[in-house]
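Reading through the structure tokens given below for one structure.
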Amino acid sequence: MMGEAFVILLVEDEPAHAEIVRRNFENFRLANRLIHVPDGQAALDYLYQQGDYADPAASPRPGLILLDLRLPRVDGLEVLKAIKQDPGLAAIPVVVLTTSAAETDMAKAYEFHANSYLVKPVDFPQFLSLMETCGYYWLAWNKYPY
Amino acid sequence: MAEQPSLEWRKPIGLLILAGFLMLAITGATADYLRRQYREEQAKIQTQLSSVGELKVRQIAQWRQERIADALALGRNRAFADLFQRAQVGKEDPKARALLQSWLESIWHQHAYDRIRLLDRDGQELLSIPAELPKPTAAILRGFQTAMAEGQPRFQDFYRSVEDQRVYLSIRVPIADPRNPQRMLGIAALRIDPALEFYPFISRWPTAAQSAETLLVKQEGQEVLYLNQLKFQADAALRLRFPLEQQDLPAAMAVRGQVGVVAGRDYRGKKVLADLRPVPDSPWFLVSRMDQDEAFEPFRQQVLGTILLAALLMLCTGVTIAGLWRHQRARYFQARYAQEQELAWLRQAIARSLNEICLFDPHTLRILFANDGAVRNLGYSREELVGMTMTDFKPTQSPDSFRALLAPLAAGEQETLVLKLTHRRRDGTEYPVETHLQLVDRGHGLRVGLALMNDLTEHQRILDTLQFSEQKFRTLFENLAEGVALHELVLDEIGSPLDYLVLDVNPAYRRHTGLDLDATRNRLGSELYGLAPPPYLDEFAQVAQGGLPYAFETYYPPMERHFRISVICPRPGQFATVFEDITERKTREDELRQKNEEMERFTYLVSHDLKSPLVTVKTFLGYLEEDLGKQDGERVKKDLLYMHGATEKMGRLLGDLLEVSRIGRVVNTPVRTSFQALAREALGAVAGSLALRGVEVTLDEVDLPLLGDRPRLVEVWQNLLENAVKYMGDQPGPRIHIGVERVGEHPQFFVRDNGQGIESRYHGKVFGLFEKLDARTEGTGLGLALIKRIVEVHGGTIRVESEGAGQGSCFLFTLPKAIQAQGEAR
Chain U
2 MMGEAFVILL VEDEPAHAEI VRRNFENFRL ANRLIHVPDG QAALDYLYQQ GDYADPAASP
62 RPGLILLDLR LPRVDGLEVL KAIKQDPGLA AIPVVVLTTS AAETDMAKAY EFHANSYLVK
122 PVDFPQFLSL METCGYYWLA WNKYPY
Chain S
36 MAEQPSLEWR KPIGLLILAG FLMLAITGAT ADYLRRQYRE EQAKIQTQLS SVGELKVRQI
96 AQWRQERIAD ALALGRNRAF ADLFQRAQVG KEDPKARALL QSWLESIWHQ HAYDRIRLLD
156 RDGQELLSIP AELPKPTAAI LRGFQTAMAE GQPRFQDFYR SVEDQRVYLS IRVPIADPRN
216 PQRMLGIAAL RIDPALEFYP FISRWPTAAQ SAETLLVKQE GQEVLYLNQL KFQADAALRL
276 RFPLEQQDLP AAMAVRGQVG VVAGRDYRGK KVLADLRPVP DSPWFLVSRM DQDEAFEPFR
336 QQVLGTILLA ALLMLCTGVT IAGLWRHQRA RYFQARYAQE QELAWLRQAI ARSLNEICLF
396 DPHTLRILFA NDGAVRNLGY SREELVGMTM TDFKPTQSPD SFRALLAPLA AGEQETLVLK
456 LTHRRRDGTE YPVETHLQLV DRGHGLRVGL ALMNDLTEHQ RILDTLQFSE QKFRTLFENL
516 AEGVALHELV LDEIGSPLDY LVLDVNPAYR RHTGLDLDAT RNRLGSELYG LAPPPYLDEF
576 AQVAQGGLPY AFETYYPPME RHFRISVICP RPGQFATVFE DITERKTRED ELRQKNEEME
636 RFTYLVSHDL KSPLVTVKTF LGYLEEDLGK QDGERVKKDL LYMHGATEKM GRLLGDLLEV
696 SRIGRVVNTP VRTSFQALAR EALGAVAGSL ALRGVEVTLD EVDLPLLGDR PRLVEVWQNL
756 LENAVKYMGD QPGPRIHIGV ERVGEHPQFF VRDNGQGIES RYHGKVFGLF EKLDARTEGT
816 GLGLALIKRI VEVHGGTIRV ESEGAGQGSC FLFTLPKAIQ AQGEAR
């Protein structure tokens, strides 16, 4: 059901959080498809295959983007805006995954056409449950045209 | 006073002229009609008369010819002559005699002759019809001889017979000898009795006219002789005669040779019309006449009818005109009645008026008339008042002073006088009055004083109340802290608001605006504020025209002040504005909003950035439990590492937060220091890391005295130096320069390095709270935010200059308050 190159792009500045996501994806045997970039600029470079990610073979187009909001250099919301304003990228589902439960952030994210907004729970079992549900939802149940 | 229509009774000249004109027209038309009718009638009668005359004359002439023809038939007849010879006396031929007898009898019968005699040339009668006639007279016999001598048959004109005194005509026919026509054998005398045929024929008239008749006349000597029997005079034939000279007698005119229709007087002396003409081959004249009375009778009838009709018309016209006249008079009297009613009503109104009204003699000042109002107000009866003078109830006026007051009226300099006077009632109480004085012309050069007096007691009370109220509000107006201004809206030709006029402003207005009070009144808004259209015209116009109050807050750039403006509409087209200077409040509000925003952002960031390591710790604690259970040593070590990192981060974060919150809140006592001292202290603090990275540091030799929170100011340079070292990147020959330069108003400090540099798009972001450009570097992202706060506390600004990645960067900042404070302290 999923194409050969189904890649998940994780945009996360906090290495610890990236590790949490990676560990969860291991459960789905998808960890090898998870590509982690540490900031907004890097995410954009990856998507546009430029800078450090100029090699198209090493940076395949992702099928899903997990996006943190507080990012160095280019802010997560700006990344989201750039993706959704680009007709070539707008179709990629973007799941905002952040510690921020601020209403302004949520409103902004949906204004910029985020496909989902998830708040990282402080509680461990909840975080696990969220990642599991999120994984099932986006990787098993959700249908993609490619 | 109601308008008085002029009510003079004017003679209806127009109506009279109209009537006259109509009468004239009717009369003229009638006369003209009658004249034409008369002419027509006359022509008709003339035609009738002349045709009758012509017919008769022709018939008479014919009759005469027939008679002559009869005579010739006997006188020139050979057979008759033979018979005559044979029957002559002496021959006694009875046969011939009988033949003659029957011949003559047939003529006698046929032609209605009266009698016929046959005589021989010696006057012996041969025979007669009827027989046995008396012997002819000698005169007749002489006539016979004359006729025989002439040898021609001839008419013996009308004559009166001596025998019976009747009028006859006769024809004498000589009978010629057939063998010798010159010789006469005898004579036949045919007598005609005109009464039998001729007279009736003459007197016959073709119409039924009563007075019409035909006369046959002839001249005899110097007279005119009537030959026939007349209608109105018996036995006139050959007896009635008139002198030929009688001018207007138609018969005489005919004999005198006049022909045609004439007017005249006939034998009866009556006015007649007559046709005159001679009868050919005879001495006779025919007069066909008719009485004018009868001839014009139908015309007279017509005249009468016409005149009656005209009279009727005139009567109608007269009646109509008279009706109109009456109507006008009725209207006039109606109007007069209404006017008098009005006058009566006015008189009553004046008498009953609440105002005091008096008429007085301007010389003696005696009251001539006082109305009910005066009676009621003054408390005197009307009779008492009329005996008094005007000054009797005016305690402040003497007769002389009052007359002096009237002087300008008497001199005609003024029409009316309005005075405030005092009246005293009969009971001695006094009250103020407003008196209108006037001298009214009464005709015949007489003038009467008219005084109209208004009790001002109530008026005065209201005035006092108003004055008190006015004073109250005036005081309020003058002392109000808010600026108040009253305006009137100025409209253009099509009614759109164009400008406004300042009517009044209070002192507070001047304080707020700085505009001079006297300079503002009656000036246009556009002039006053130097703006066209003037400020807030639309808002003000809406209130002035709509009437609903409106309030708004606004910043007025020309004065750099904030105002709260309340606009109300005291009357249409005007508006009052109440200005409240809210600049201070606004500034506070702005500051507060700024702080709030900052606070909000701060809490947001704190919650996020503190939550982030918390999530890490809690999650990895979970993993740690799992991994411990699984006895996975590698994983346990990793988990602990992540937790360690997170807690450390939290610790740093809390420390920095404390710092940030202290800036501006906790202020150390300002002390004197200098640029050199601060820079050197900072260099000392970071000497370790500078040496570690091998950075070459240079410092401007210039010094600048400063006054401020020394530890904080040191922190600025220290942090900038730490930053420079942290972002030196792979630079093989790292260098940092600390300096100060005078650019513009304030001295500008700077720290320049040749490290990584910053892309221009991040130049604004670097100073934000918790902003980091590189996720991998140490630090909380609060360093530059801290510096910025300190600089701002000292009234300065900070910015970064960098050519881009790898080009190094330079942080520049000012500290005006520290320098100013130094200047003041000196």
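Protein chains in written order, with this note's numbering: chain U, 2 to 147; chain S, 36 to 861. Here a beta-carbon is modelled for each residue, glycine too, at the ideal position from N, C-alpha and C.
Neighbouring residues, chain S, relative to residue i (Cβ below 7 Å)
{"i": "U:I36", "result": "Correct list: empty, because the minimum Cβ distance to chain S is about 16 Å."}
Classification of residue i by the beta-carbon crowding that lies within 10 angstroms, buried from 16 upward
{"i": "S:I151", "result": "buried"}
{"i": "S:T510", "result": "exposed"}
{"i": "S:G221", "result": "buried"}
{"i": "S:A104", "result": "exposed"}
{"i": "S:E635", "result": "exposed"}
{"i": "S:P169", "result": "exposed"}
{"i": "U:W142", "result": "exposed"}
{"i": "S:S246", "result": "buried"}
{"i": "S:Y590", "result": "exposed"}
{"i": "S:V778", "result": "exposed"}
{"i": "U:E20", "result": "buried"}
{"i": "S:E633", "result": "exposed"}
{"i": "U:G89", "result": "exposed"}
{"i": "S:E38", "result": "With a pLDDT of only 44 at S:E38, under 50, the local geometry of the prediction cannot be trusted, and the value read off the model is given with reservation. Exposed is the call here."}
{"i": "U:G52", "result": "exposed"}
{"i": "S:D67", "result": "exposed"}
{"i": "U:K144", "result": "exposed"}
{"i": "S:F587", "result": "exposed"}
{"i": "S:T638", "result": "exposed"}
Contacts of residue i in chain U (Cβ-Cβ under 7 Å)
{"i": "S:H643", "result": "R71, T100 and S101"}
Proximal chain U residues relative to residue i, where beta-carbon distance stays under 8 Å
{"i": "S:K672", "result": "What S:K672 touches in chain U: nothing, since even the nearest Cβ is about 13 Å away."}
{"i": "S:G657", "result": "F125, P126, F128 and L129"}
Chain-ordered neighbours of residue i on chain S, where CB pairs are closer than 9 Å
{"i": "U:K1", "result": "Not covered by the structure: residue 1 of chain U. The range shown for chain U is 2 to 147."}
{"i": "U:E112", "result": "By Cβ distance, chain S contributes nothing, its closest Cβ being about 17 Å from U:E112, past 9 Å."}
Nearest neighbour of residue i, chosen from the options [CA to CA]
{"i": "S:R545", "options": "S:Y639, S:L526, S:H522 and S:A516", "result": "S:A516"}
{"i": "U:R74", "options": "U:D14, U:Y145, U:K144 and U:L35", "result": "U:D14"}
{"i": "S:D862", "options": "S:L524, S:G304 and S:S647", "result": "Chain S is shown from 36 up to 861; residue 862 of chain S falls before or after that span and cannot be answered."}
{"i": "S:V421", "options": "S:M58, S:P430, S:A182 and S:V410", "result": "S:V410"}
{"i": "S:L348", "options": "S:G63, S:R335, S:F179 and S:E615", "result": "S:G63"}
{"i": "U:P61", "options": "U:R34, U:A92, U:K82 and U:D40", "result": "U:R34"}
{"i": "S:E465", "options": "S:G414, S:F437 and S:H471", "result": "S:G414"}
{"i": "S:G425", "options": "S:G408, S:S416, S:P443 and S:L403", "result": "A quick correction: the sequence has Met, not Gly, at residue 425 of chain S. Out of S:G408, S:S416, S:P443 and S:L403, S:L403 has the C-alpha closest to the C-alpha of S:M425."}
{"i": "S:E418", "options": "S:C393, S:K429 and S:D435", "result": "S:C393"}
{"i": "U:P126", "options": "S:G408, S:E660, S:G841 and S:F846", "result": "S:E660"}
{"i": "S:V537", "options": "S:E167, S:G549, S:T555 and S:L526", "result": "S:T555"}
Rounded Cβ spacing between residue i and residue j (contact assumed at less than 8 Å)
{"i": "S:R728", "j": "S:P767", "result": "Wrong, their Cβ atoms sit about 11 Å apart, outside the cutoff."}
{"i": "S:T249", "j": "S:L308", "result": "Actually they are not in contact, since the Cβ atoms of S:T249 and S:L308 sit about 13 Å apart, beyond 8 Å."}
{"i": "U:V8", "j": "U:P63", "result": "5 Å"}
{"i": "S:L481", "j": "S:A445", "result": "Not confirmed; about 13 Å, so no contact."}
{"i": "S:K800", "j": "U:D124", "result": "The pair is not a contact, with the Cβ atoms about 33 Å apart (cut-off 8 Å)."}
{"i": "S:F115", "j": "S:L154", "result": "Not confirmed; about 14 Å, so no contact."}
Listed by chain order, chain U residues near residue i by CB distance under 9 Å
{"i": "S:Y639", "result": "S101, A103, T105 and D106"}
Contacts that residue i makes with chain S (C-beta to C-beta distance below 8 Å)
{"i": "U:E79", "result": "None at all; the shortest Cβ gap to chain S is about 11 Å."}
- Item | chain A contacts made by the region 123-134 of chain U, where a contact means CB separation under 8 Å | Checking the listed chains, one finds no chain A in this structure; the protein chains it contains are U and S.
- At a Cβ cut of 7 Å, what residues of the region 784-800 of chain S count as close to chain U, listed as they run along the chain? Y797
- Task: Check distances from the C-beta atoms of the region 659-686 of chain S to those of chain U and list, in chain order, the residues that come in under 7 Å.
- Result: Y677, G680 and A681
- Short-range partners of chain S found in the region 17-30 of chain U, where Cβ spacing is below 8 Å: A17, H18, E20, I21 and R24
- Task: Could you list the residues in the region 759-778 of chain S with a C-beta less than 8 Å from some C-beta on chain U, going in chain order?
- Result: Residues passing the 8 Å Cβ filter: none.
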